[in-house]
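Here is the structure we will look at, set down as structure tokens.
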Amino acid sequence: MQTIVCMKWGTRYGADYVNRLWSMIRRNTRNPTRLLCYTDDARGVDPGVTCLPALEIELPEHLRWLPWRKIALWRPELPGLAPGEPALFVDLDIVITGGLDDFFTFEPDAPFCVIRNWTQVEKNIGNTTCFRFKVGAAPKIFTDMEADPVCIWQRYRNEQRYISGEIEIPMTFWPEPWCVSFKHGLMPRWPLNFLLVPRLPPDARLVAFTGKPDPDEARDGRWPAPWYKKTYKHVRRTPWIAEHWQ
């Protein structure tokens with residue numbers, strides 16, 4: 079059984095994001111696969127998804143609802159998973175466009191596989207939109223964060239830089255074509271973004287939507303931004319998102 083994990087907290091992403099994710103997983107896996115969702119609100123989530131209470135982590139209020147919560151995945155133990163069990167974590171704001179089974183068989187002995195961050199390639203930083211980990215493999219990431227969250231936040235500013243800088247197990251990067259960034263890899267450069275539709279590479283399996291636009295906004299050709307940024311923040315309506323994100 080392959081296990082995919084997601085987290086849903088707060089109000090930015092509703093149950094529909096979890097349900098779309100589950101639908102995309104079912105279409106893009108051949109092996110038996112389950113989805114665990116750690117959430118503070120399971121209302122409206124497809125009954126095929128296993129919902130468990132949100133993972134506890136002690137954080138100051140200004141970090142409590144930010145991606146720093148993902149550090150809770152490095153707890154020594156996780157509900158619904160056995161110690162040492164591999165799991166694939168994915169963010170909710172992704173579009174799956176290809177097979178996921180290879181994410182479980184790639185470098186099978188590696189304790190931590192992650193995307194090489196698109197904007198900091200030379201700095202050996204992982205992007206935690208999609209990563210495979212083994213439960214309990216690096217608990218110090220979690221315990222150190224709880225012990226001194228403000229100091230760690232001030233030093234690293236975001237959780238993926240913290241993980242990349244402090245993790246004590248080997249970090250392996252996914253094959254580059256598998257995971258692409260919509261904003262940093264697929265969007266045509268200005269001013270061509272006003273004329274051309276972002277193209278989906280044939281080998282891409284997962285498209286990440288970091289920041290804005292979200293998948294529905296890019297699908298519909300909307301990029302929410304202040305008026306003074308509209309001169310360059312623009313995306314054409316992107317039909318292939320509707321094809322895959324359902």
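Quick note on our numbering: the sequence shown kicks off at 79 and runs consecutively.
For every residue, glycine included, the Cβ atom is placed at its ideal position computed from N, Cα and C.
Under 8 Å between C-beta atoms of residue i and residue j
i: V168; j: M249; result: no
i: S259; j: W196; result: yes
i: E155; j: G214; result: yes
i: P157; j: L113; result: no
i: T81; j: L159; result: yes
i: L264; j: P276; result: yes
i: F190; j: F220; result: no
i: G176; j: R297; result: no
i: I149; j: M223; result: yes
i: F182; j: P164; result: yes
i: D281; j: P255; result: yes
i: P279; j: I319; result: no
i: G204; j: S242; result: yes
i: A120; j: W87; result: no
i: R194; j: F251; result: yes
Contact belief for residue i with residue j at Cβ below 8 Å, rounded distance in angstroms
i: C84; j: L170; result: 6 Å
i: F287; j: I172; result: 7 Å
i: K218; j: E246; result: 6 Å
i: N202; j: P145; result: So it is not a contact: roughly 19 Å between Cβ atoms.
i: W100; j: D124; result: 5 Å
i: N106; j: I174; result: 5 Å
i: A306; j: W268; result: A quick correction: the sequence has Tyr, not Ala, at residue 306. Rounded, the Cβ-Cβ distance is 15 Å, inconsistent with contact.
i: P304; j: E295; result: With 8 Å as the limit, P304 and E295 do not qualify as a contact, their Cβ atoms being about 15 Å apart.
Near the ligand COA: residue i beta-carbon under 7 Å from a heavy atom
i: K307; result: The ligand content of the structure shown is nil, which means the ligand COA is not present either.
Which residues DSSP lists as bridging residue i, in chain order
i: L113; result: I82
i: T334; result: No information on residue 334 is available, as it lies outside the stretch 79 to 324 that the chain covers here.
Item to check | Whole runs of the alpha helix (DSSP H) within the segment 140-226, excluding any shorter than 4 residues | outcome: Counting only runs of 4 or more, we get 180-183, 217-225.
Next on the checklist: Report the start-end ranges of each alpha helix (DSSP H) in the segment 245-301 that is 4 residues or longer and not cut off at the edges.
Outcome noted: Those alpha helix (DSSP H) runs which fall completely within the segment 245-301 and span 4+ residues are 293-298.
Item to check | Three-pair Cβ contact test at 8 Å for the segment 135-149 versus the segment 216-231 | outcome: Contact between the segment 135-149 and the segment 216-231 is present: three or more C-beta pairs spanning the two stretches fall below 8 Å.
Checklist entry - Three or more C-beta pairs closer than 8 Å, one from the segment 306-317 and one from the segment 87-102: is that the case here? => result The answer is no - the segment 87-102 does not touch the segment 306-317, with fewer than three Cβ pairs under 8 Å.
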